[in-house]
Ligand code: SF4
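Numbering (the UniProt record's numbering), first residue to last: 5 to 779.
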């Protein structure tokens, strides 16, 4: 149990990084600690003093074997996480910029907050509320995500808020909502994986991105279950599979349709399930039958015998799962692609049953909770729709405001970044940030957005879009052109370095808050150490800014107080947290939402299994580890098939750009690398980007192992040393995306958006390769 053993010397908490939210213990380093898990790179805390004026206490990570998700296992990122707490490269005081083009200089908190509030206020007064934007992050705690959404809509009165989670799992969220009426990444716990018969893992390299999760698949195979991995590369994860399907990037939708075609042709559908628990089968069936296996083989490059084998493994098992990650989701047709994989589950009766179903492996630490509490452009807390009058009335009631005063939906993340531009914007999208062919790219905001519609000032918290956004050079130009930028971060990220005001905030071990992991399990991260004297929590920042902008009340800085309000705001919504308290989380291993305050009686909400002990008023609702067992969360309780058909990538290879580029992550770095690039042991393990390509392709373009190779698209170029390997398709090239500068692969990626989810097409675009000759 989480709370049982926390003492002044040992704090049970969770990793600051990915959505697994591994449990760990933090303890002060003692003189006896000669070898620390994070390696020998932990610096002496000579320059950092905590809030009491003492040198900062160093922390080490120790095993926390009782937490069920990771049972003590951690990856190198988790082991080394405390290093950044005492790193000289963290921010320990606010910074301000006196004039455009001037340098950032140290400032006191009062000056920095005054400037931040004045800058936001000035823009709003001159250009209206929607000229001020807010950009959040999927790593923010639930409390921060909630308060940031409330701050945007009440204090700033703007509709222009979204967050970087839009770039993570938004397509899976949209597809799950369409199919099941509810999006909780995994509608069952990870512990169900070893108990199923077959898993198709689509576009996830979890052996590198979340290594402790690999044990669930190892146990699956030990139990006789089968693992099928879909990935254009033979990754560390694919190497563990019973069957590896390697489609061309951008063709996962056709692959799923081809498998469904074979399921139908071979009489493997579950007609009783289709008849009693779904709607829309005739249309979905017709769409699948138009995708002949031979056609699918041609589109995807996956041989027909492998397609047949996959269907046999999936259907022969008594229960099966499909789990997707960024591969199929980060496409301009990501929602339809995930919908096609859900169709496969529904047609075979592999959903809403024990040890069967569809799930999404969310990426960011709070990718799940971050999308539930109101920092998305179209949503209010509780996963409520901003356009729903009843939802507006409920949330407005909790906030004590008139529902009509709440703004409507805003732009999705890339559209918001694309619409940035202040008075200093020189080219309105057609100038310095034009692509290499000289066109301003008609898909971009400054062309599309009139001067009146520009977002001129931005408050950014927990994100680094200069590295992580698609068409990053263009996004960087848009950010540079802002009239005013405020960034709250723990380090001077590439985006923070462009700000007018930088507000240094606490790290995970210096603050308390809740996170919701990829299973929908709400967890408590605890403060283990006094923060440095010069930093504040994000909640304290929002509290102080709100006060300066006329909201003395309504923005508490105490996390538990914020959580209690969040519970009331979420009550009755899809993501109902009202029965979850800090105390209840601490008493167990977290609580799965929905967890209403009122015990469930009669027909359970969301098709969930009823709480096991009858959920008496004293015990409270026990949470909902498994969803949809009796009914789906749609109005009629039935899941909905998606009538989807294949279409090409937004940008297919041609004579000028003949190769497909796909992007992803490596084990020792996390997301934009703002944190992990500042940890020596991680940087030594993964010091920079690389270009992975097949020997045949290398020969064709004249690439030499280790020599610099440029990857060039219509939007720009990125350079990295060639890494020649037969573990990738010969028509595809791969680059990880954690680095800025000339190795920034997002300079190259395509911002074509999924029309439903707003997800950019990170996973496929057309490029050419050019060896870089010595100057
Ligand atoms: Fe942290 Fe994820 Fe690694 Fe676990 S797998 S230690 S949560 S980064």
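For every residue, glycine included, the Cβ atom is placed at its ideal position computed from N, Cα and C.
Boundaries of the beta strand (DSSP E) in which residue i is found, first to last residue
{"i": "residue 696", "result": "695 to 697"}
{"i": "residue 362", "result": "361 to 364"}
{"i": "residue 17", "result": "15 to 18"}
{"i": "residue 790", "result": "There is simply no residue 790 to check, as the chain begins at 5 and stops at 779 in what is shown."}
{"i": "residue 230", "result": "230 to 234"}
{"i": "residue 28", "result": "27 to 32"}
{"i": "residue 178", "result": "No beta strand (DSSP E) contains residue 178, which is instead part of the alpha helix (DSSP H) from 174 to 184."}
{"i": "residue 728", "result": "720 to 728"}
{"i": "residue 547", "result": "Counting along the chain, residue 547 falls outside any beta strand (DSSP E), though it belongs to the alpha helix (DSSP H) covering 542 to 552."}
{"i": "residue 64", "result": "63 to 66"}
{"i": "residue 277", "result": "Per DSSP, residue 277 belongs to no beta strand (DSSP E); it is in the alpha helix (DSSP H), 275 to 281."}
{"i": "residue 349", "result": "Looking at the DSSP string, residue 349 is not in any beta strand (DSSP E); the run it does join, the alpha helix (DSSP H), is 338 to 351."}
{"i": "residue 324", "result": "324 to 328"}
{"i": "residue 242", "result": "No beta strand (DSSP E) contains residue 242, which DSSP labels as neither H nor E."}
{"i": "residue 190", "result": "Per DSSP, residue 190 belongs to no beta strand (DSSP E) and is neither H nor E."}
For residue j and residue i, believed in contact at Cβ under 8 angstroms, the rounded distance
{"i": "residue 377", "j": "residue 570", "result": "6 angstroms"}
{"i": "residue 405", "j": "residue 147", "result": "Their Cβ separation, rounded to whole angstroms, is 20 angstroms, which puts residue 405 and residue 147 out of contact at 8 angstroms."}
{"i": "residue 645", "j": "residue 270", "result": "So it is not a contact: roughly 19 angstroms between Cβ atoms."}
{"i": "residue 535", "j": "residue 228", "result": "Not confirmed; about 50 angstroms, so no contact."}
{"i": "residue 168", "j": "residue 467", "result": "4 angstroms"}
{"i": "residue 583", "j": "residue 386", "result": "Not confirmed; about 13 angstroms, so no contact."}
{"i": "residue 251", "j": "residue 233", "result": "Rounded, the Cβ-Cβ distance is 11 angstroms, inconsistent with contact."}
{"i": "residue 664", "j": "residue 735", "result": "6 angstroms"}
{"i": "residue 156", "j": "residue 165", "result": "4 angstroms"}
{"i": "residue 749", "j": "residue 776", "result": "That belief does not hold up - the Cβ atoms of residue 749 and residue 776 are roughly 15 angstroms apart, past 8 angstroms."}
{"i": "residue 546", "j": "residue 151", "result": "5 angstroms"}
{"i": "residue 472", "j": "residue 676", "result": "4 angstroms"}
{"i": "residue 142", "j": "residue 370", "result": "6 angstroms"}
Check: residue i C-beta below 8 angstroms from any heavy atom of the ligand SF4
{"i": "residue 742", "result": "no"}
{"i": "residue 74", "result": "yes"}
{"i": "residue 86", "result": "no"}
{"i": "residue 22", "result": "yes"}
{"i": "residue 217", "result": "yes"}
{"i": "residue 369", "result": "yes"}
{"i": "residue 331", "result": "no"}
{"i": "residue 365", "result": "no"}
{"i": "residue 226", "result": "no"}
{"i": "residue 185", "result": "no"}
{"i": "residue 82", "result": "yes"}
{"i": "residue 173", "result": "no"}
{"i": "residue 674", "result": "yes"}
{"i": "residue 295", "result": "no"}
{"i": "residue 327", "result": "no"}
{"i": "residue 30", "result": "no"}
{"i": "residue 151", "result": "no"}
{"i": "residue 78", "result": "yes"}
{"i": "residue 679", "result": "no"}
{"i": "residue 25", "result": "yes"}
{"i": "residue 650", "result": "no"}
{"i": "residue 190", "result": "no"}
{"i": "residue 349", "result": "no"}
{"i": "residue 214", "result": "yes"}
{"i": "residue 18", "result": "yes"}
Extent of the continuous alpha helix (DSSP H) to which residue i belongs
{"i": "residue 486", "result": "Neither: residue 486 is in no alpha helix (DSSP H) and is coded neither H nor E."}
{"i": "residue 717", "result": "Where residue 717 is concerned, there is no enclosing alpha helix (DSSP H), although the beta strand (DSSP E) it sits in stretches over 712 to 717."}
{"i": "residue 154", "result": "146 to 154"}
{"i": "residue 586", "result": "586 to 591"}
{"i": "residue 650", "result": "No alpha helix (DSSP H) contains residue 650, which DSSP labels as neither H nor E."}
{"i": "residue 303", "result": "297 to 304"}
{"i": "residue 317", "result": "308 to 320"}
Distance cut-off 8 angstroms: residue i Cβ against heavy atoms of the ligand COA
{"i": "residue 205", "result": "Because the ligand COA does not appear in the structure shown, any question about it cannot be addressed here, the ligands present being the ligand SF4."}
*asked:* Counting beta carbon pairs with one atom in the stretch 700 to 714 and one in the stretch 498 to 516, are three or more of them shorter than 8 angstroms?
replied: no
*Assess, as a yes-or-no matter, whether the stretch 185 to 196 is touched by the stretch 633 to 648 under the definition of 3 or more beta carbon pairs within less than 8 angstroms.*
yes
_the stretch 195 to 207 touching the stretch 216 to 236, judged by at least three CB pairs closer than 8 angstroms_ = yes
_I'd like to know if the stretch 294 to 312 and the stretch 658 to 678 are in contact, where contact means that at least 3 CB-CB pairs between them fall below 8 angstroms._
no
*Could you tell me whether the stretch 79 to 92 touches the stretch 16 to 24, using the rule of 3 or more Cβ pairs below 8 angstroms?*
yes
*Touch check for the stretch 131 to 146 and the stretch 319 to 336: three-plus C-beta pairs under 8 angstroms?*
no
_Using 8 angstroms as the cut-off, can you tell me whether the stretch 257 to 268 makes contact with the stretch 289 to 298, which would need three or more C-beta pairs spanning the two stretches below that distance?_
yes
*Decide if the stretch 98 to 113 is in contact with the stretch 519 to 529; the criterion is three or more beta carbon pairs, one per stretch, under 8 angstroms apart.*
no
*Could you tell me whether the stretch 386 to 400 touches the stretch 408 to 423, using the rule of 3 or more Cβ pairs below 8 angstroms?*
yes
*Indicate whether the contact test is met: 3 or more Cβ pairs, each with one atom in the stretch 510 to 520 and one in the stretch 113 to 130, closer than 8 angstroms.*
no
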